[in-house]
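Below you'll find the structure, written out as structure tokens, and then a few comments.
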Amino acid sequence: MNHLTRNDYAGALRLLARVERQTGDESRFAHAVVQALHDYVAAELTTLSVCDLQTGHRQVVGLPGMRLGSDEIACFDQHFFEHPLVRHHGFDGGLLTRRISDLVSRHDFQHSALYADYYRRIGLEYAIAMPLFKDKRTLASVVLNRRGLDFDEHDRERLDLLRPHLAFLYRQAHQAVAPPAADAPSSYWPVVLDISACRLTQRETEVMHWLACGKTDADIAALLAISPRTVQKHLEHVYVKLGVETRTAAVMRALAIHDHPMVQV
164 MNHLTRNDYA GALRLLARVE RQTGDESRFA HAVVQALHDY VAAELTTLSV
214 CDLQTGHRQV VGLPGMRLGS DEIACFDQHF FEHPLVRHHG FDGGLLTRRI
264 SDLVSRHDFQ HSALYADYYR RIGLEYAIAM PLFKDKRTLA SVVLNRRGLD
314 FDEHDRERLD LLRPHLAFLY RQAHQAVAPP AADAPSSYWP VVLDISACRL
364 TQRETEVMHW LACGKTDADI AALLAISPRT VQKHLEHVYV KLGVETRTAA
414 VMRALAIHDH PMVQV
């Protein structure tokens with residue numbers, strides 16, 4: 164069930180505009196994402212967690228005064244391969260935002276060594292992870308933690324609304340320009356947009372579809388057998404028709420119209 168509102172879409176657009184400006188610098192982008200998501204969904208601890216799936220170690224970017232210490236990170240690493248979210252996103256092919264409670268019962272989690280040694284130590288018992296990047300060695304996710312009250316379905320939907328677009332910006336920030344193999348699982352929503360109300364041409368709609376799937380201009384050009392410059396011209400026309408200025412804003416506006424065709428956002 165979709166619990167998203169017009170305000171959720173508007174807030175997502177503002178957040179994306181805020182972090183998009185930082186994609187030229189990897190460190191600034193990481194800190195901007197953590198700060199923006201901490202402001203977007205209430206949590207006691209918000210981090211960007213970069214996991215090495217081969218060694219079982221992770222690096223963590225957090226906010227000043229709310230970072231995990233080296234002892235806590237080492238404790239997490241001891242149970243790295245047991246973590247439900249690491250297993251789900253890192254090894255089982257999960258692509259969407261998930262809570263620990265989506266994957267394991269509260270009883271089983273609270274009786275696990277991971278909970279006893281790590282979560283009890285940091286005083287936080289609920290977590291939700293939004294994966295941004297995954298290859299054979301690396302899993303990068305934004306992880307939010309709470310005490311007292313689990314994240315609800317509205318929280319999960321709001322985060323998953325952002326996920327494909329933040330994943331795209333993450334790849335930009337890390338200069339991951341190589342397109343995925345045709346048969347590789349996509350890190351983005353494979354959506355078919357119904358945005359006929361925007362009066363886009365058929366080719367503009369095709370460009371928007373592939374843009375929403377996280378493709379670059381070069382990817383779209385190859386898929387549609389046109390030049391990257393032609394893709395850019397189509398996008399310029401799309402921006403005018405949607406009333407936006409950036410590609411991420413265009414995708415968010417298109418998704419909002421797709422989900423709520425009678426709502427002007």
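Taken in order, the sequence shown gives residues 164 to 428; the numbers are from the numbering used here.
Glycine included, C-beta positions come from ideal geometry on N, C-alpha and C.
Rounded C-alpha distance that separates residue i from residue j
i           : j           : result
residue 368 : residue 319 : 28 Å
residue 403 : residue 185 : 24 Å
residue 258 : residue 362 : 32 Å
residue 373 : residue 406 : 19 Å
residue 336 : residue 183 : 9 Å
residue 195 : residue 384 : 31 Å
residue 399 : residue 199 : 28 Å
residue 325 : residue 334 : 14 Å
residue 260 : residue 321 : 10 Å
residue 302 : residue 266 : 18 Å
residue 220 : residue 214 : 6 Å
Backbone secondary structure at residue i - three-state DSSP
i           : result
residue 197 : helix
residue 246 : coil
residue 279 : helix
residue 264 : helix
residue 404 : helix
residue 312 : coil
residue 307 : strand
Nearest to residue i (by Cα), restricted to the options the options
i           : options            : result
residue 224 : 237, 243, 267, 192 : 192
residue 375 : 331, 239, 307      : 331
residue 248 : 280, 307, 393      : 307
residue 285 : 229, 187, 417      : 229
residue 181 : 202, 167, 169      : 202
residue 295 : 253, 413, 394      : 253
residue 396 : 386, 377, 366      : 366
residue 300 : 169, 216, 262      : 216
Cβ distance (whole Å) where residue i is taken to contact residue j below 8 Å
i           : j           : result
residue 238 : residue 171 : Rounded, the Cβ-Cβ distance is 35 Å, inconsistent with contact.
residue 176 : residue 415 : 5 Å
residue 179 : residue 412 : 7 Å
residue 293 : residue 304 : 6 Å
### Query
Which runs of the alpha helix (DSSP H) fall wholly inside the region 184-239 and span at least 4 residues, in chain order?
Runs found: 189-203.
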